[in-house]
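A.B. asks:
Structure, rendered in structure tokens:
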């Protein structure tokens with residue numbers, strides 16, 4: 001039953017086309033001017049599409065180039081950050097050793113009631129006699 005229905009439908013379509021051709025509703029011949037107009041329209045549409053494609057690809061290439069430069073900047077920043085963290089660790093370690101040495105030096109001296117007097121730049125040891133003027 002379906003084959004018969006399809007056959008009937010295709011026959012009806014064919015008859016409608018033939019009827020339209022006979023009465024001039026469907027044109028089988030085109031003039032050169034009409035073809036030129038259609039070609040011009042298609043050419044403009046094609047140009048528009050190509051321009052849009054070019055714009056999109058230029059945006060994409062710019063984005064890729066920018067991403068590449070940002071990636072190199074990020075890599076250099078990561079390298080610098082790594083160097084700074086290593087330097088920080090070295091400085092912390094050296095500071096801790098200096099603090100330990102100072103602490104050991106303070107502990108080895110022992111208790112000292114009277115601190116040294118004088119300018120350490122000129123020395124802390126005295127030699128000779130102190131001449132003091134006396135009043136009287």
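In this note's numbering, the protein residues as written are 1 to 136.
The C-beta atom is built at its ideal place from N, Cα and C for all residues, glycine as well.
Give me the Cα-Cα distance between residue 39 and residue 32, rounded to the nearest whole angstrom.
C.D. replies: Against the chain shown, residue 39 aligns to sequence position 39. Against the chain shown, residue 32 aligns to sequence position 32. Approximately 10 angstroms between the Cα atoms of the pair.
A.B. asks: Between which two residues does the alpha helix (DSSP H) containing residue 10 stretch?
C.D. replies: Working through the chain shown from its first residue, we reach residue 10 at position 10. It spans 2-22 - the alpha helix (DSSP H) in which residue 10 sits, taken as one unbroken run.
A.B. asks: CA-CA distance, residue 64 and residue 76?
C.D. replies: Your numbering for residue 64 matches position 64 in the chain shown. Your numbering for residue 76 matches position 76 in the chain shown. Those two C-alpha atoms are separated by around 19 angstroms.
A.B. asks: Alpha carbon to alpha carbon, what distance is there between residue 94 and residue 88?
C.D. replies: Along the chain shown, one-based indexing puts residue 88 at 88. Along the chain shown, one-based indexing puts residue 94 at 94. Cα to Cα, the separation comes out at about 10 angstroms.
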